[in-house]
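A short write-up of the structure that comes next.
Residue numbers (my numbering), protein chains in the order written: chain A, 78 to 706; chain B, 32 to 118.
In structure tokens:
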């Protein structure tokens, strides 16, 4: 079964190819079958491979499929090869499964859009690139997929390109992630020049034997790879592109900017975890970046009025949790949260898509309200996903994954009380903004008339994801609650277990604090938005809190800062420098050929006899040259 | 004889006469081949002449068809009057 591995990225790629070449000429039904169909087949193959992988594990719990040599230059010959182990298998399962559900949902969501086949072509290409990223056996192939998903993200954010704002958002996403990619490229070059290979397994092995713990090279490599991860996963200080990326169609936001692509950074760090273990400074930086991002993005999410922007900031904040887990060395906890987050965040976006579609493309939550009765399926699934995001204790998946991360942030050897405290405050913020969003959108007085009710293709994916948002957490439960650890067992062949430190707190205690934070957030937002809305006005009225609100609303002024620090100087310089000598050279070439053209066009008289005379004269000159010289 | 044809091509304005001048030039070249063949006792010269003859026949067919079309359009065979393609 395992030899079918190459089909998993190849099928979506073939789908994208067919849709790009023949898409506009195909009937819409065919597009709606090909687009989700290839993902479904890839998903089925993934499941079959997963079953055979679990039943008869390949030697060393990893399977390599070498397809061909990419190129061979100066002793550097990267393969096009696929590498399957527990980590990439898990990610592949989630990507194909959630990807398929979102494709299915899109067949109805994008109905009536003139770019129907273009949309599915981009989506298939995205899934193909993402699978390449996950399954690539060397860092160069991973980088190919990495850039591929970046490209698709750019194309899909600017999908409705007639609107200038969407193009600006797409450009911003592309350029900001490029900043991270430069760091990552430098990291790859550093690894290759010092270790002589980019094959991930070889690389990790050589790093382990050649570099001592804490050596400066390992730290540099770790920081550079972290730079790439920070760009792609929208962490501090490169998080500014993700909220703007919500300009794309909502299924895109669900697939790319919530469930899969933005977790590529998490995957990269988990994949190269050996390197980060060798560089404690870089690993601490991962944890610090994660905790800072999750707090800042939580505050920013509290002040947004755009439904999708709230979800975007919440994504940034949840990926912050994953980075925190990676930073303290709780590798499988990070992947656990990745999985549950993929389920509930994709669902939240799909629900938001239904709501926005129903309300005449209105994004502001304060212009919605009372949608509970009119969109029951959207309401219930959204509520389940929201509870999972906020971490409703005992039932939801989010509680288990987040609780594990928070516990490890103190109990692991790299953990500390500060990290733990901030992470619990993060739970409070999450609960606060999640229920603010739910209460304002679905409860209260109806403010709009619902015109577009979702059909089955939109409802069923939501329901499936809602079920997964609940049961997805039972694969890994705390010791005092059944002590299931299927997930860690599955991943331990690839990712090492947590190194326990001197835990200052029991698992039960930590979970109780998380529960307390959740309940406080729920009660406060219930009081503020359901019982006594006037109090919100009273809180935001004074000048100080108004300023703070504005500050948080603008994402801590990061956009303003970058605009003044980087964008404006560059634009100014480009404006000043537009008549430099390079332009002069090209303009000179153009002027020269224009002059020659003016001279030569006078000979073009249209008189046949002149042409004949020209031929005669030319022949005489030519013969004369041959004879005389 | 070649020069005669060339001069005819350059000074004549009637397309029919220009075509005839080209024929004269082709025949001049053919004659040169035949003479050269006779001088060195080689059959190649005559073979080349047959070649020239056949290509001349094809050329005349195409040329006359074009002249016919031009006459239909412009009601004239004056090469200078039909100078439409100015740069």
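Yeah, the Cβ is synthetic: ideal placement off N, Cα and C, and Gly gets one too.
Report task. Please work out which residues of its chain come closer than 6 Å, Cβ to Cβ, to residue 109 of chain B, disregarding the five sequence neighbours upstream and downstream, and give them in chain order. Result -> 44
Query raised in the report: Between residue 425 of chain A and residue 462 of chain A, is the Cβ-Cβ spacing less than 7 Å?
Result: yes
Query raised in the report: Under the DSSP definition of a beta bridge, which residues are partnered with residue 297 of chain A?
Result: Looking at the DSSP assignment, residue 297 of chain A forms no beta bridge with any residue, so it has no partner.
Query - Option nearest residue 36 of chain A by Cα separation, candidates A/473, A/270 and A/296 - result: Beyond the ends of chain A as shown, which are 78 and 706, falls residue 36 of chain A; an answer cannot be given.
Requested in this report: Can you give me the Cβ contacts of residue 111 of chain B inside the same chain, cut-off strictly under 8 Å, excluding the 5 residues immediately before and after it?
Outcome: 44
Query raised in the report: By how many angstroms is the C-alpha of residue 187 of chain A removed from the C-alpha of residue 436 of chain A?
Result: 16 Å
Query - Beta-carbon contacts of residue 612 of chain A that lie in its chain and below 7 Å, excluding the five residues immediately before and after - result: 605
Query raised in the report: Counting only runs that start and end within the stretch 206-287 of chain A, where is the alpha helix (DSSP H) found for 4 or more residues in a row?
Result: 216-234, 241-272 and 277-287
**Report entry** Interface residues of chain B facing residue 689 of chain A [CB-CB closer than 7 Å]
**Finding:** 40 and 41
Query raised in the report: At a Cβ threshold of 7 Å, is residue 686 of chain A touching chain B?
Result: yes
Query raised in the report: Is DSSP giving residue 562 of chain A helix, strand or coil here?
Result: strand
Query raised in the report: Looking only at C-alpha atoms, which of A/412, A/281 and A/395 sits nearest to residue 370 of chain A?
Result: A/395
Query raised in the report: With 7 Å set as the bound, which would you pick, yes or no: does the beta-carbon of residue 111 of chain B sit closer than that to a beta-carbon of chain A?
Result: yes
Query - Nearest-angstrom Cβ-Cβ length linking residue 295 of chain A and residue 216 of chain A, presumed shorter than 8 Å - result: Not a contact, Cβ separation roughly 15 Å.
Query - Through-space distance from residue 376 of chain A to residue 662 of chain A, alpha-carbon basis - result: 52 Å
Query raised in the report: Under a three-way DSSP split, which group does residue 87 of chain B fall into?
Result: helix
Query - Complete alpha helix (DSSP H) runs within the stretch 601-673 of chain A (minimum length 4 residues, chain order) - result: 610-617, 620-630, 635-639 and 645-653
Query raised in the report: Apart from the five residues just before and just after residue 594 of chain A, which ones in its own chain have a Cβ nearer than 6 Å to its Cβ?
Result: 501, 504 and 505
Query raised in the report: Going by the CB atoms, is the gap between residue 120 of chain A and residue 169 of chain A shorter than 7 Å?
Result: no
Report task. Taking all protein chains shown into account, decide if residue 73 of chain B is buried (16 or more other Cβ within 10 angstroms of its Cβ) or exposed. Result -> exposed
Query - Simplified DSSP assignment, three categories, for residue 156 of chain A - result: strand
**Report entry** Coarse secondary structure for residue 312 of chain A, derived from DSSP in three states
**Finding:** coil
Requested in this report: Please work out which residues of its chain come closer than 8 Å, Cβ to Cβ, to residue 685 of chain A, disregarding the five sequence neighbours upstream and downstream, and give them in chain order.
Outcome: none
Requested in this report: Check whether the Cβ of residue 578 of chain A sits closer than 6 Å to any heavy atom of the ligand MN, and report yes or no.
Outcome: With respect to the ligand MN, the structure shown offers nothing to examine, as it has no ligands at all.
**Report entry** Beta-carbon neighbours of residue 142 of chain B, restricted to chain A and to distances below 9 Å
**Finding:** Past the boundaries of the shown model lies residue 142 of chain B; chain B is included only from 32 to 118, so the question cannot be answered.
Query - Simplified DSSP state of residue 570 of chain A, which is helix, strand or coil - result: coil
Report task. Can you tell me which of the three DSSP states residue 145 of chain A falls into? Result -> strand
Query raised in the report: Grouping DSSP H, G and I as helix and E and B as strand, with all else coil, what is residue 555 of chain A?
Result: coil
Query raised in the report: Counting pairs of beta carbons, one from the stretch 108-117 of chain A and one from the stretch 178-185 of chain A, are three or more of them closer than 8 Å?
Result: yes
Query raised in the report: Where residue 644 of chain A and residue 253 of chain A are concerned, what is the direct C-alpha to C-alpha distance, given to the nearest angstrom?
Result: 11 Å
Query raised in the report: Within the chosen definition, does the stretch 198-209 of chain A reach the stretch 440-460 of chain A through at least 3 CB pairs nearer than 8 Å?
Result: no
Query raised in the report: Is it the case that the Cβ atoms of residue 225 of chain A and residue 213 of chain A are separated by a distance below 7 Å?
Result: no
**Report entry** Cβ-based neighbour list, residue 565 of chain A, same chain, cut-off 6 Å, excluding 5 preceding and 5 following
**Finding:** 409
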